[in-house]
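Participant: Counted from 1, the sequence shown has number 126 at position 52 by the working numbering; the numbering is strictly sequential. Pasting in a structure now, in structure tokens, and then I'll have a few things to ask.
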Amino acid sequence: QIENINTFHGDGLNCIPESSADNIVLYADPDRRGKDGRRLVDPESMSPPWSSLRELAKQGHSLIIKFSPLHDLKRLISEHPQADAIHLTEFNGECKEILAEWQAPPDRRSRLFIHREEQTIKLDIKQIHSAAPEIAAEPSSFLFIPSPALMKAGPWDWFCRKYKINKLASNTHIFTSTEPKPGFPGRQFRLLQPFHKRIGLKAATVISLNHPLSAKQIRERYRLMEDESICLIAFRDGGGKSKMWIAEKHI
């Protein structure tokens with residue numbers, strides 16, 4: 075039996091003390107579905123609405139609000155510039171949730187935390203809107219695909235400078251370098267050769283990012299079986315040309 079937890083059945087807002095002297099942290103996961111089961115988009119239509127939750131922070135309580143992992147991160151930051159921190163949590167290769175945090179007293183440093191299973195990356199939120207990174211003229215020997223939480227955050231200029239890699243194109247979130255990067259937060263691939271139908275590739279894991287064809291369409295067009303040892307990576311380069319490369323995973 076757990077003795078340090080009290081349960082309250084009813085409107086949770088009614089059990090919150092009006093005074094901030096208790097120094098409590100409130101965690102809210104608003105109901106994002108309407109009575110008919112449809113997903114709600116308007117924050118004020120959720121239960122409880124965001125405006126009532128933000129009032130709690132103004133009363134001097136620390137507040138954490140959970141957002142859907144599908145929520146637009148840049149929109150969240152622009153609509154809630156007073157948030158002290160934004161947290162992205164990643165587990166089993168998926169971005170599971172977004173958390174916005176208001177601290178009491180306020181921190182005002184506006185930080186972004188990316189929590190992965192084996193590491194936590196801490197950034198200034200301004201780094202998300204930083205300058206565009208340098209674009210590679212051609213793919214080098216290795217390709218890098220960031221983890222889902224990093225894909226969500228998109229701090230590409232910081233990312234390229236930290237790992238000394240270049241982006242393939244402004245809208246292609248694949249990066250390249252002449253050498254592997256130990257500790258890279260994502261997947262690494264060693265390029266083997268450009269793909270064309272005459273090669274006779276029979277099986278591969280297909281990855282398509284910013285390419286006219288989806289992974290399913292590529293698999294169907296070239297009648298490819300699944301093979302985790304070989305990858306076919308499709309993308310657009312900096313000049314807008316569609317390309318496909320055969321690669322192998324680099325551990």
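Glycine residues also receive a C-beta, built at the ideal position from the N, C-alpha and C atoms.
Using a Cβ-Cβ cutoff of less than 6 Å, which residues in the same chain neighbour Arg183 once the five nearest sequence positions on both sides are dropped?
Facilitator: Around Arg183: no qualifying Cβ.
Participant: With a cut-off of 8 Å, do at least 3 Cβ pairs link the stretch 270-284 to the stretch 299-310?
Facilitator: With a cut-off of 8 Å, the stretch 299-310 and the stretch 270-284 count as touching, because enough Cβ pairs lie within range.
Participant: So the beta strand (DSSP E) Leu130 belongs to, where does it begin and stop?
Facilitator: Run containing Leu130: none in the beta strand (DSSP E); it sits in the alpha helix (DSSP H), Trp124 to Lys132.
Participant: By the DSSP assignment, the beta strand (DSSP E) with Leu242 in it spans what residues?
Facilitator: From DSSP, the beta strand (DSSP E) with Leu242 extends over Asn240 to Ala243.
Participant: For my contact list, Arg310 and His285 are in at a C-beta cut-off of 8 Å; report their separation, rounded to the angstrom.
Facilitator: About 6 Å; that satisfies the 8 Å criterion.
Participant: Let me confirm a value: Ser221 is counted as buried when at least 16 other C-beta atoms fall within 10 Å, else exposed. Which label applies?
Facilitator: Per the 10 Å Cβ criterion, buried.
Participant: Unbroken beta strand (DSSP E) runs of length 3 or more, entirely within the stretch 189-242: which are they?
Facilitator: Entirely contained in the stretch 189-242, the beta strand (DSSP E) runs reaching 3 residues are, in chain order, 194-198 and 216-220.
Participant: Could you tell me the distance, in whole angstroms, from the CA atom of Asp158 to the CA atom of Thr81?
Facilitator: Between Asp158 and Thr81, the C-alpha separation is close to 29 Å.
Participant: Please determine, among Lys238, Asn245 and Thr246, the residue with the shortest C-alpha to C-alpha distance to Phe258.
Facilitator: Checking every option, the nearest Cα to that of Phe258 belongs to Lys238.
Participant: Using three-state DSSP, classify Arg261 as helix, strand or coil.
Facilitator: Three-state result, Arg261: strand.
Participant: Assess, as a yes-or-no matter, whether the stretch 172-182 is touched by the stretch 191-207 under the definition of 3 or more beta carbon pairs within less than 8 Å.
Facilitator: The stretch 191-207 vs the stretch 172-182: no contact.
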